[in-house]
Amino acid sequence: MILPFSTQLNGKPTYFIEKIWEGLLRHNFKDDTQYIACLDNYEKQFGKLWDFLPEENERMTNPKIHTIREDATDRWKPGTKIDFFINCRQKDMFRFAPVLPVVSVQSIQIDYYSNREILMNDLPPIRAVIIDDIKWLTDDEIFKLAQNDGFDAVEDFFAYFNEGFKGKIIHWTDLKY
171 MILPFSTQLN GKPTYFIEKI WEGLLRHNFK DDTQYIACLD NYEKQFGKLW DFLPEENERM
231 TNPKIHTIRE DATDRWKPGT KIDFFINCRQ KDMFRFAPVL PVVSVQSIQI DYYSNREILM
291 NDLPPIRAVI IDDIKWLTDD EIFKLAQNDG FDAVEDFFAY FNEGFKGKII HWTDLKY
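First residue of the sequence shown: 171, per our numbering; consecutive thereafter.
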């Protein structure tokens, strides 16, 4: 099933292609010939290399190893094949990684709460991230979730998920929260 990814978010590059590949290569995806083939195909199609190519000793610090999506019709399940694409349903649509199975899915809920003190003092609302309807993530776990989803900072994560949200974490590695 097609899983589309953005190359820009709020006018800034996402580096999702590179972050996903970094995650694949770190999590026992041993076939670097597919990495090279995807990189070559990208250069042929777009006339340039990916936005971020690490030097020999410079690696991305936060690879993207899952994605968070709405799934109202319950389409994403373990075993479903993931087709990683950018520029979906456009003339320059591009598969940037091999087809992989969904390893697992977890439900995720993001809630924003306000109380009287917050409202009276014009403070930001309290944010909660709940996994599988039972696990409330700590601040450290939210930081890790944001990084693993490809965000550079927790504030970037909450700027994107800036209102209540229910969906799924789609995992292509063994990680679970």
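Every residue, glycine too, gets a C-beta built ideally from N, C-alpha and C.
By Cβ distance below 7 Å, which residues in the same chain neighbour residue i in space, the five residues on each side in sequence not counted?
i	result
H197	I235, T343
I'd like the list of long-range same chain contacts for residue i, defined as Cβ closer than 6 Å, with 5 residues on each side in sequence excluded.
i	result
F321	F327
P248	V272, S274
D281	A298, G334
Report the rounded CA-to-CA distance for residue i versus residue j, giving the unit in angstroms.
i	j	result
C258	L219	19 Å
I340	T184	18 Å
F264	I256	5 Å
K182	F222	13 Å
K251	D201	18 Å
T177	G217	16 Å
A298	I278	10 Å
L175	P233	A quick correction: the sequence has Phe, not Leu, at residue 175. Whole-angstrom Cα-Cα distance: 14 Å.
Q317	T231	9 Å
P295	E188	33 Å
D253	N332	27 Å
M171	V269	9 Å
L345	D309	18 Å
Let's test the definition: count the other Cβ atoms within 10 Å of the Cβ of residue i and tell me whether it reaches 16, buried, or not, exposed.
i	result
K336	exposed
E352	No answer is possible for residue 352: the residues shown for the chain start at 171 and end at 347.
D292	exposed
E287	exposed
H203	This sequence places Thr at residue 203; His is not what is there. Under this definition T203 is an exposed residue.
I190	buried
Between residue i and the ligand MG, is the CB less than 7 Å from at least one heavy atom?
i	result
E311	Absent from the structure shown: the ligand MG. Ligands present: none.
Which complete alpha helix (DSSP H) runs does the stretch 297 to 334 hold, if anything under 4 residues is left out? Segments of the alpha helix (DSSP H) lying fully in the stretch 297 to 334: 309 to 318, 324 to 330.
Report the start-end ranges of each alpha helix (DSSP H) in the stretch 269 to 296 that is 4 residues or longer and not cut off at the edges. With a minimum length of 4 residues, the continuous alpha helix (DSSP H) runs that stay inside the stretch 269 to 296 are 286 to 290.
Any contact between the stretch 262 to 278 and the stretch 198 to 214? By contact I mean 3 or more CB pairs, one from each, below 8 Å. yes
Note down, one range per segment and in chain order, each beta strand (DSSP E) of at least 3 residues found wholly within the stretch 214 to 264. 236 to 239, 251 to 256
So does the stretch 240 to 247 actually touch the stretch 299 to 319, counting three or more Cβ pairs closer than 8 Å? Too few Cβ pairs lie closer than 8 Å, so no.
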